[in-house]
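These protein sequences, in sequence, are chains X and D. Using this note's numbering, the final residue of the first sequence is 395, and nothing's skipped along the way. Using this note's numbering, the final residue of the second sequence is 404, and nothing's skipped along the way. The next block holds one structure in the form of structure tokens; read it before the comments.
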Amino acid sequence: MTQQQTTGGDVRLTGISKTYGSFTAVHPLDLTVPQGSFFALLGASGCGKTTTLRIIAGLEEATTGTVSLGGKDITGLPAYKRPVNTVFQSYALFPHLDITENIAFGLRRRGVKSVRKQVGDMLELVQLGDFARRKPHQLSGGQQQRVAVARALINHPQVLLLDEPLGALDLKLRRRMQLELKRIQTEVGITFVHVTHDQEEAMTMADTVAVMNGGRVEQLGAPADLYENPKTTFVANFLGTSNLIEGEIAGCGTDIVVSAGGGKLRLPGDRCSAPAVTGGRVLLGIRPEKISLAHADAAGRIAEGRNRVTGRIVDSSFIGVSTQYVVESPAGRELQVYEQNIERDARLVPGAEVVLHWNPAHTFGLDASQSKLAGTMGDAGVETVEDVS
Amino acid sequence: MTLTEAPPTPAAEPAGPPVRKPSARRRLVPYWLLLPGILWLIVFFAVPLVYQASTSVQTGSLEQGFEVTWHFRTYWDALRDYYPQFVRSLLYAGSATVLCLVLGYPLAYLIAFKAGRWRNLVLVLVIAPFFTSFLIRTLAWKTILADGGAVVDLMNTLHVLDVTSWLGWTESNRVLATPMAVVCGLTYNFLPFMILPLYTSLERIDGRLHEAAGDLYATPATTFRKVTFPLSMPGVVSGTLLTFIPASGDYVNAELLGSTDTKMVGSVIQSQFLRVLDYPTAAALSFILMAIVLLTVTFYIRRSGTEDLV
Numbered sequence: 007m008t009q010q011q012t013t014g015g016d017v018r019l020t021g022i023s024k025t026y027g028s029f030t031a032v033h034p035l036d037l038t039v040p041q042g043s044f045f046a047l048l049g050a051s052g053c054g055k056t057t058t059l060r061i062i063a064g065l066e067e068a069t070t071g072t073v074s075l076g077g078k079d080i081t082g083l084p085a086y087k088r089p090v091n092t093v094f095q096s097y098a099l100f101p102h103l104d105i106t107e108n109i110a111f112g113l114r115r116r117g118v119k120s121v122r123k124q125v126g127d128m129l130e131l132v133q134l135g136d137f138a139r140r141k142p143h144q145l146s147g148g149q150q151q152r153v154a155v156a157r158a159l160i161n162h163p164q165v166l167l168l169d170e171p172l173g174a175l176d177l178k179l180r181r182r183m184q185l186e187l188k189r190i191q192t193e194v195g196i197t198f199v200h201v202t203h204d205q206e207e208a209m210t211m212a213d214t215v216a217v218m219n220g221g222r223v224e225q226l227g228a229p230a231d232l233y234e235n236p237k238t239t240f241v242a243n244f245l246g247t248s249n250l251i252e253g254e255i256a257g258c259g260t261d262i263v264v265s266a267g268g269g270k271l272r273l274p275g276d277r278c279s280a281p282a283v284t285g286g287r288v289l290l291g292i293r294p295e296k297i298s299l300a301h302a303d304a305a306g307r308i309a310e311g312r313n314r315v316t317g318r319i320v321d322s323s324f325i326g327v328s329t330q331y332v333v334e335s336p337a338g339r340e341l342q343v344y345e346q347n348i349e350r351d352a353r354l355v356p357g358a359e360v361v362l363h364w365n366p367a368h369t370f371g372l373d374a375s376q377s378k379l380a381g382t383m384g385d386a387g388v389e390t391v392e393d394v395s
Numbered sequence: 095m096t097l098t099e100a101p102p103t104p105a106a107e108p109a110g111p112p113v114r115k116p117s118a119r120r121r122l123v124p125y126w127l128l129l130p131g132i133l134w135l136i137v138f139f140a141v142p143l144v145y146q147a148s149t150s151v152q153t154g155s156l157e158q159g160f161e162v163t164w165h166f167r168t169y170w171d172a173l174r175d176y177y178p179q180f181v182r183s184l185l186y187a188g189s190a191t192v193l194c195l196v197l198g199y200p201l202a203y204l205i206a207f208k209a210g211r212w213r214n215l216v217l218v219l220v221i222a223p224f225f226t227s228f229l230i231r232t233l234a235w236k237t238i239l240a241d242g243g244a245v246v247d248l249m250n251t252l253h254v255l256d257v258t259s260w261l262g263w264t265e266s267n268r269v270l271a272t273p274m275a276v277v278c279g280l281t282y283n284f285l286p287f288m289i290l291p292l293y294t295s296l297e298r299i300d301g302r303l304h305e306a307a308g309d310l311y312a313t314p315a316t317t318f319r320k321v322t323f324p325l326s327m328p329g330v331v332s333g334t335l336l337t338f339i340p341a342s343g344d345y346v347n348a349e350l351l352g353s354t355d356t357k358m359v360g361s362v363i364q365s366q367f368l369r370v371l372d373y374p375t376a377a378a379l380s381f382i383l384m385a386i387v388l389l390t391v392t393f394y395i396r397r398s399g400t401e402d403l404v
């Protein structure tokens, strides 16, 4: 067993799939996690992300495909022989051992005699020095979570797997632990594979996010790239909020012109993932914060060349930094608009006739054959606990 | 506390909510509920215990009647006359407990982790013997271990009897009426009392702890040694207690499957009470046995240190 080394290599999944009877949890997928990266598997409950993680850990046997680590095939290795450690969703700390022994567990199993120094360093890293002799049940959720991280990290695994490690924490603690985990990852430089259903968590922490849906990877990329250039409606809705407007392609060029809701909207041709054929249908996407709102009376002052949609405010809620409006328009029944509260126009109240306008460059195009609702709350649901099955 | 009791006043005073002060009465409710149990304990445990204690320091005879004379010497005499039976009781009960643990643990483990959908069926099978009377089951063992029976024949053929008789567990040609028969009977009769608590504590172990151990480089054997077994200690302790305590006072197995050489203290107490009619000695023996068991158990619980386990 290798020890004290972090020069592992990439995790490579090739044709990995998992079926339980007639149910397919993971469709054949290829995935490469570059060494040293913070990689997030993001998706709703039952999308196969935990199963994928467990296959890497060796806790689950893949139905097909191979797992390799740094070029070495580890598909057939049992969990206890893999240089990989897991932070479990429920932490799975050993209740009969104190914190020191919990953290030292992996070292002892590999025959390391003097664990005191390393355990001390680890307790320092996760800031739990005073709790060395406590039992797990005497610790709070956040502290238990840090013990679970320390218990895995002390083994210097080539890859650290995190299975919804923050799922049981309250929001505030969760944000703090996200930063903490990110700090630890930068500090130790180990590859982290993080499973989560929380898109904000995935985006703030990970270098690369793989969005999973129905046992498949929908899209993979850097958080900003996924957010700006979603390739499917699921990604568009699951990561943040998107306004999706259905329309018909009226002309193709560098910009695609789409007629929707009685008007013409433009989007850059290279940001359209749907086939650009005149007469074809397309879903036009725009993020709520990219849209500006003008009262109908002030429509004349809108600059030329911007996409415009007319509508009527049906709801507005003041958030503090911004105000969120819901606008009804021929182009879409409930368009979301987030306006920064810099200069608030007092006329923008429910019932007001308004014009929505935005820079065409911020528009993206999606294949209209998909469900517009894929990945929205009603479709995927909000979950707190991932069921392991 | 939840308010589940229905207000006993139906339509008498409909105006205004009843502003009673229920607190004093309600506080007494738990004690009222405890009352039957406490009464039961007083009548069937405390009173007999005091009665037996007084009997143990009486002298006299059945004809002239017994009288409290604070004759503590009875205890000493009882211990002196019957210490072999005491030692034997502890030895047999201890052996049976160890055997129960050795036989019961794998079975409980299997039911808890491997039985799958057969789990309930197997559990019912474990309890099934209770549907027959204790006496009849023990008598059945008399037939099973009978001289010239299949078990004895087999042991003879395999030369197991040679070994066991050399160890003093059996005679050279029979099993019945030997220590081994008594221990076998005890083991058989108390096995479910070992399996059930073991099963309960094993079943409660979070399966993810096994995964976590495996993830942290523990082989399945090490996982068992370092995680599963320590976590099942509450079951081991309660199982051994539930086996050892009744087994050490048992006399049915020794009576039916043993001989005069395998008498346990339970048999002595029984014959002192019912045949010899020496009530003081019988009572004293009971108290000595109680004291020994209490001491052993206290020591054992202290040593096993299970208070820590959740």
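Glycine included, every Cβ here is placed at the ideal spot set by N, Cα and C. Keep in mind it's a predicted model, so treat the numbers as computed, not measured.
>> As an exercise, report each continuous alpha helix (DSSP H) stretch of at least 4 residues that is fully enclosed by the segment 164–203 of chain D, in chain order.
In response: 167–203
> Does any residue of chain D bring its CB to less than 8 Å from the CB of R116/X?
Replying inline: Here residue 116/X corresponds to residue number 110 of the first sequence, with the count starting at 1. Answer yes: the Cβ-Cβ gap between R116/X and chain D drops below 8 Å somewhere.
> Since V321/D meets chain X, which of its residues come closer than 7 Å, beta carbon to beta carbon?
Replying inline: Numbered from its first residue, the second sequence carries residue 321/D at position 227. The contacting residues are F100.
> DSSP on W134/D, reduced to helix/strand/coil?
Replying inline: Mapped onto the second sequence, residue 134/D falls at position 40. In this structure, W134/D counts as helix in the three-state DSSP scheme.
>> How far does the alpha helix (DSSP H) with M327/D in it extend, from its first residue to its last?
In response: The residue you call residue 327/D lines up with position 233 of the second sequence. Taken as a continuous stretch (DSSP letters only), the alpha helix (DSSP H) holding M327/D covers M327 to G343.
> So what does F324/X bridge to, in DSSP terms?
Replying inline: By one-based count along the first sequence, residue 324/X stands at place 318. Paired residues: T329/X.
>> Our contact map puts L245/X next to Q205/X with C-beta atoms below 8 Å; I'd like the distance itself, whole angstroms only.
In response: Walking along the first sequence from the start, residue 245/X turns up at place 239. Walking along the first sequence from the start, residue 205/X turns up at place 199. That belief holds up - the Cβ atoms of L245/X and Q205/X are roughly 5 Å apart, short of 8 Å.
> DSSP on W263/D, reduced to helix/strand/coil?
Replying inline: Locating residue 263/D in the second sequence gives position 169, where the first residue counts as 1. Three-state result, W263/D: coil.
> Hey, quick one: how far does the alpha helix (DSSP H) through R122/X stretch, first residue to last?
Replying inline: In the first sequence, the residue the question calls residue 122/X occupies position 116. Start and end: R122 to L131.
> Hey, would you say M288/D sits closer than 8 Å to L325/D, going by beta carbons?
Replying inline: For the purposes of this step, residue 288/D is taken as the residue at position 194 of the second sequence. For the purposes of this step, residue 325/D is taken as the residue at position 231 of the second sequence. No. Outside cutoff.
> Quick one: which chain D residues come within Cβ less than 7 Å of T92/X?
Replying inline: By one-based count along the first sequence, residue 92/X stands at place 86. By Cβ distance, chain D contributes D309.
>> Along the chain, where does the alpha helix (DSSP H) containing S398/D start, and where does it finish?
In response: In the second sequence, residue 398/D corresponds to position 304, counting from 1. That run of the alpha helix (DSSP H) goes Y373 to S398.
> Is it buried or exposed for V220/D, if we count other Cβ within 10 angstroms and need 16 for buried?
Replying inline: Numbered from 1 along the second sequence, position 126 holds the residue referred to as residue 220/D. V220/D is buried by the Cβ-count criterion.
>> Quick check: what's the CA-CA separation for Y97/X versus S74/X?
In response: Against the first sequence, residue 97/X aligns to sequence position 91. Against the first sequence, residue 74/X aligns to sequence position 68. Distance between the alpha carbons of Y97/X and S74/X is about 26 Å.
> How close, in whole Å, do the beta carbons of L372/X and S279/X come, if the pair is a contact with beta carbons under 8 Å?
Replying inline: The residue labelled residue 372/X in the question sits at position 366 within the first sequence. The residue labelled residue 279/X in the question sits at position 273 within the first sequence. Contact flag correct, Cβ pair sits at about 6 Å.
> Would the beta-carbon of I109/X fall within 8 Å of that of T58/X?
Replying inline: Here residue 109/X refers to the residue found at position 103 when the first sequence is read from its first residue. Here residue 58/X refers to the residue found at position 52 when the first sequence is read from its first residue. No.
> For the putative contact between G195/X and G42/X, defined by C-beta atoms under 8 Å, what is the C-beta separation to the nearest angstrom?
Replying inline: As a first step, residue 195/X must be located in the first sequence, where it is residue number 189. As a first step, residue 42/X must be located in the first sequence, where it is residue number 36. Going by Cβ atoms, the distance from G195/X to G42/X rounds to 6 Å, so yes, they are a contact pair.
>> With a threshold of 8 Å between beta carbons, is P324/D in contact with chain X?
In response: Here residue 324/D corresponds to residue number 230 of the second sequence, with the count starting at 1. Yes, its Cβ sits closer than 8 Å to a Cβ of chain X.
> Going along chain D in order, which residues have a C-beta closer than 9 Å to the C-beta of G173/X?
Replying inline: Your numbering for residue 173/X matches position 167 in the first sequence. Correct list: empty, because the minimum Cβ distance to chain D is about 14 Å.
> Among residues of its own chain, excluding the 5 on either side of A216/X, which ones have a beta-carbon nearer than 6 Å to its beta-carbon?
Replying inline: Start at 1 with the first residue of the first sequence, and residue 216/X comes out as number 210. Answer for A216/X: L47, V223 and L226, listed in chain order.
> So L215/D is in the alpha helix (DSSP H); what residue range does that whole segment cover?
Replying inline: Taking the second sequence and counting its residues from 1, one reaches residue 215/D at position 121. Unbroken alpha helix (DSSP H) run through L215/D: R213 to I221.
> If you measure from the beta carbon of A315/D to each beta carbon in chain X, is any gap under 8 Å?
Replying inline: Here residue 315/D is taken as the residue at index 221 of the second sequence, counted from 1. No, its Cβ sits nowhere closer than 8 Å to a Cβ of chain X.
> Which chain D residues are close to Y86/X, counting only those with a beta carbon under 7 Å from its beta carbon?
Replying inline: Locating residue 86/X in the first sequence gives position 80, counting from the first residue. Chain D residues near Y86/X: G308, Y311, A312 and T313.
> Taking the C-alpha atoms as reference points, what is the distance between F45/X and F224/D?
Replying inline: Taking the first residue of the first sequence as position 1, residue 45/X is located at position 39. Taking the first residue of the second sequence as position 1, residue 224/D is located at position 130. So the alpha carbons of these two residues sit roughly 58 Å apart.
>> Just to make sure I have the definition right: I need the residues of chain D whose C-beta is within less than 8 Å of the C-beta of L65/X. Which are they?
In response: Here the question's residue 65/X lines up with position 59 in the first sequence. Result: E305, G308 and D309.
> I255/X: buried (16+ other C-beta within 10 angstroms of its C-beta) or exposed?
Replying inline: Walking along the first sequence from the start, residue 255/X turns up at place 249. Buried, by the Cβ-count rule.
> With which residues is D79/X paired in a DSSP beta bridge?
Replying inline: For the purposes of this step, residue 79/X is taken as the residue at position 73 of the first sequence. Partner(s): S74/X.
> Per DSSP, M218/X forms a beta bridge with which residues?
Replying inline: On the first sequence, residue 218/X is found 212 positions in, with the first residue counted as 1. BP columns for M218/X point to V223/X.
> Considering only residues of the same chain and omitting the five flanking positions on each side of A305/X, which have a CB-CB separation below 6 Å?
Replying inline: The residue you call residue 305/X lines up with position 299 of the first sequence. For A305/X, where only same-chain residues beyond five positions count, the Cβ hits under 6 Å are V361.
>> Let me make sure I understand the geometry here. Which of Y145/D, P142/D and T168/D has the alpha-carbon closest to that of G154/D?
In response: Within the second sequence, residue 154/D is the residue found at index 60, counting from 1. Taking only the C-alpha atoms, the option nearest G154/D is T168/D.
> CB-CB under 7 Å to P40/X, same chain, minus the five flanking residues each way: which ones, in chain order?
Replying inline: For the purposes of this step, residue 40/X is taken as residue 34 along the first sequence, with counting starting at 1. D16, listed in sequence order.
> Comparing the C-beta of F244/X with each C-beta of chain D, is any distance below 8 Å?
Replying inline: To locate residue 244/X, count along the first sequence from 1; it is residue 238. False, the Cβ-Cβ gap to chain D never drops below 8 Å.
> Taking Cβ-Cβ distances shorter than 9 Å, what residues in chain D pair up with S96/X?
Replying inline: Within the first sequence, the letter at position 90 stands for residue 96/X. What S96/X touches in chain D: D300 and R302.
> Who are the neighbours of G112/X on chain D, taking C-beta pairs under 8 Å?
Replying inline: For the purposes of this step, residue 112/X is taken as the residue at position 106 of the first sequence. What G112/X touches in chain D: L310 and Y311.
> Along the chain, which unbroken stretches of the alpha helix (DSSP H) at least 4 residues long are found entirely within the segment 278–314 of chain D?
Replying inline: 301–309
> For K123/X, does the count of other Cβ atoms within 10 angstroms reach 16, so buried, or fall short, so exposed?
Replying inline: Here residue 123/X is taken as the residue at index 117 of the first sequence, counted from 1. By the neighbour-count rule (16 or more Cβ atoms within 10 Å), K123/X is not buried but exposed.
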